[in-house]
Amino acid sequence: MRSPVEFSHRTRTRALETLDREPFDLLVIGGGITGAGIARDAALRGMRVLLTERRDFAVGTSSRSSKLIHGGVRYLQQGDVGLVMEAANERRVLRRLVPYLARPIQMLVPAQRRSGYAKLSAGLWTFDRMARVSHDERNQMLDREETLRLEPLLRADNIYGAAVYYECLTDDARLVLENLKSAVAFGATAVNYAPVERLVIEGGKVVGAVVRDVLGERAIEARASVAVNAAGPWVDEVRLLQGGGEKPRLHLTKGIHLIVPRERLPVVRSVVMTARDKRPVFAVPRGDTVYLGTTDTNYDGQYDDPAITREDVQYLLDAANDTFDVAPLGFDDVVGAWAGLRPLLHQDGKKPEEISRKDEIMVGPAGLISIAGGKLTTYRRMAERVVDMAAERAARLDGKRPHRRGESDSELLCGGATDEDLAAFIARLRTKWPEADADIVERLVGTYGSNGSRIVEGMMADPALGERAVPDLALTRGEVAYAVHDEMAMTLEDVLERRTRLFLWDVHNGLTAAPRVADWMAQLLGWSPDRRRAELAAYEDHVRDVKGFLGDAEPEELRALRA
774 MRSPVEFSHR TRTRALETLD REPFDLLVIG GGITGAGIAR DAALRGMRVL LTERRDFAVG
834 TSSRSSKLIH GGVRYLQQGD VGLVMEAANE RRVLRRLVPY LARPIQMLVP AQRRSGYAKL
894 SAGLWTFDRM ARVSHDERNQ MLDREETLRL EPLLRADNIY GAAVYYECLT DDARLVLENL
954 KSAVAFGATA VNYAPVERLV IEGGKVVGAV VRDVLGERAI EARASVAVNA AGPWVDEVRL
1014 LQGGGEKPRL HLTKGIHLIV PRERLPVVRS VVMTARDKRP VFAVPRGDTV YLGTTDTNYD
1074 GQYDDPAITR EDVQYLLDAA NDTFDVAPLG FDDVVGAWAG LRPLLHQDGK KPEEISRKDE
1134 IMVGPAGLIS IAGGKLTTYR RMAERVVDMA AERAARLDGK RPHRRGESDS ELLCGGATDE
1194 DLAAFIARLR TKWPEADADI VERLVGTYGS NGSRIVEGMM ADPALGERAV PDLALTRGEV
1254 AYAVHDEMAM TLEDVLERRT RLFLWDVHNG LTAAPRVADW MAQLLGWSPD RRRAELAAYE
1314 DHVRDVKGFL GDAEPEELRA LRA
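To get this note's numbering, take the position in the sequence shown, counting from 1, and add 773.
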């Protein structure tokens, strides 16, 4: 793992000022997990890389997944052995490269009948051996009494037994950012809030793109030997910029998740539930909250911030209420939510849940390489396949093969130097800095991995950086400064939603912390009082929009801010 380099508003400005001076080997359009993985892989191969993102990094699908690194169990049922093997291998790789973002968790799958129990047992036995699961993480089959001892909240009348197996919990937006920072450490250039307005086509081939800096209100032409379209739900929009008779290929489906307080659903481990249409959905505990997910429905609305409907919410609440013996969960119990779009390849006659999750690479008439489909778990292998093609094409054009700087399956991701025993890493930091608050150290390591130690060290050198945004949260001025100086956070929403994740995992959605964070960002970025007020209002509107399914009821925190 290379030492991190500055990745901030300053490097963004410098990059945009020089984009038109020298050509790149590779232009990557899209700053989600696929684009970030491609940028990292290409930078490791010594290519000159430019990644441009229309809004903020990970703002779309890549911050709105189920936040699980799947080993491939779900694909076994579909008979896709190749995808099972690839997913299982990639889970092992991620646990090695970035252990704090691939933490093993137990998944409990209740069975209502003996036949379902037998099917579970046979499937998981097969998976354990195909996927080379370690002995200490192989599945366990439980009888009814054992199941209820592990999860006493389960409705006893629906239980014959259960299976327990392992998946890995991640933070999708953090995974994107660590890939990007790793790419930048190896020489890549990445800029957010810089959409591609049009492709530059000469001699019938893409040779670059006109990029607009929406924060600086200017357009710049960037040139590259090869261009890759990794725009997620926007892949078709970028493909159609080539002309040449391109036609849409994507089939978008929507998945939503709900967040409820852990005190309302105090499950011990993740539980796979069965929804009314027999689809598997789940409840995953995370800190003081539990999230429920996910839906899978056809979608044809706006791509930015897709709306969550009351029907979406009721679907997941019903599944939880049918599974757990608790006071029925209702709309008032939902403290947070998110909705994302899956950019799948259309297959005639298939239901949303039946459409293949395999990725596909498409080469357009002007040579634009586009990639769609795929899964968060297998993003690194998707990136390798794309860069294989891009690197070969770039070498044919200029006759050069750059010097490789590292391998994508062995070079640690930024923040990944914690070893798998995260508790031991945290204990070492607390021994080194006993004066640091324990909850702050735990939060920083859990969110930023080994880079959390840099933030703690900064707070120890400058106590002002240890100031909390609000007394009951472990969010500090030092963490916000890190988001601005080391992770190119440009707006209040960038910090609260995709850098610190308070939008999701704080039961107040970060609203109580927002005014103080806005103060700190105003100082760091030179915002005027009007800009600070606008940022705060925009964030409040964002929280309100996401919770639009609640109707006219305004979140209590918003009422308090306006008081």
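Note that CB positions come from ideal geometry on N, CA and C, so glycine has one too.
- The alpha carbon of residue 1164 has as its nearest neighbour, out of 794, 781, 776, 799, the alpha carbon of 799.
- The beta-carbon separation of residue 969 and residue 956, rounded to 18 Å, does not stay under the 8 Å limit for a contact.
- By the Cβ criterion, the segment 1115-1132 is in contact with the segment 1140-1149, since at least three pairs of Cβ atoms, one from each stretch, lie closer than 8 Å.
- Between the segment 1005-1018 and the segment 1092-1100, the count of C-beta pairs closer than 8 Å stays below three; the two stretches do not touch.
- The residues 951, 1221, 1222, 1223, 1224, in chain order, have a CB closer than 6 Å to that of residue 1188 in the same chain once the five nearest residues on each side in sequence are set aside.
- Taking 7 Å as the cut-off, the beta carbon of residue 1001 is found closer than this to the beta carbon of residue 811.
- Between the segment 964-979 and the segment 905-923 there are fewer than three C-beta pairs closer than 8 Å, too few to call the two in contact.
- When 1029, 846, 1010, 1030 are compared, the shortest CA-CA separation from residue 1022 is found for 1010.
- Under a 10 Å Cβ-count criterion, residue 834 is classified as buried, with 16 or more other Cβ atoms of the shown protein chains found around its own Cβ.
- Within the segment 950-989, complete alpha helix (DSSP H) segments of at least 4 residues are not found at all.
- Shown here, residue 1051 sits in coil according to DSSP, grouped into three states, outside any helix or strand.
- Spatial neighbours of residue 1156 in its own chain (CB-CB distance under 6 Å, excluding positions within 5 residues in sequence) are listed in chain order as 810, 811, 814.
- In summary, residue 1015 is buried, with 16 or more beta-carbon neighbours lying within 10 Å of its beta-carbon over all protein chains present.
- Looking at the backbone, the Cα of residue 1158 and that of residue 825 are separated by about 20 Å.
- In the three-state scheme derived from DSSP, where H, G and I count as helix and E and B as strand, residue 1024 is classed as strand.
- Between residue 881 and residue 937, the beta carbon gap of about 5 Å places them in contact (Cβ cut-off 8 Å).
- Between residue 1110 and residue 1031, the CB-CB gap stays under 7 Å.
- Secondary structure note for residue 999: its beta strand (DSSP E) is the uninterrupted segment 991-1002.
- The segment 814-848 contains, as complete beta strand (DSSP E) runs of 3+ residues, the segments 822-825 (chain order).
- Looking at the backbone, the Cα of residue 972 and that of residue 1012 are separated by about 10 Å.
- Excluding sequence positions up to five before and after residue 886, its CB lies within less than 7 Å of the CB of 933, all in the same chain and listed in chain order.
- Residue 1167 sits buried, since 16 or more C-beta atoms from the chains shown fall within 10 Å of its C-beta.
- Straight-line spacing of the CA atoms in residue 1244 and residue 1104 works out to 28 Å.
- Residue 1204 and residue 796 have their C-alpha atoms spaced approximately 49 Å apart.
- By the Cβ rule, the segment 1048-1057 does not count as touching the segment 1293-1313, because fewer than three pairs are nearer than 8 Å.
- Less than 7 Å divides the Cβ of residue 777 from the Cβ of residue 958.
- 7 Å or more divides the Cβ of residue 1063 from the Cβ of residue 1053.
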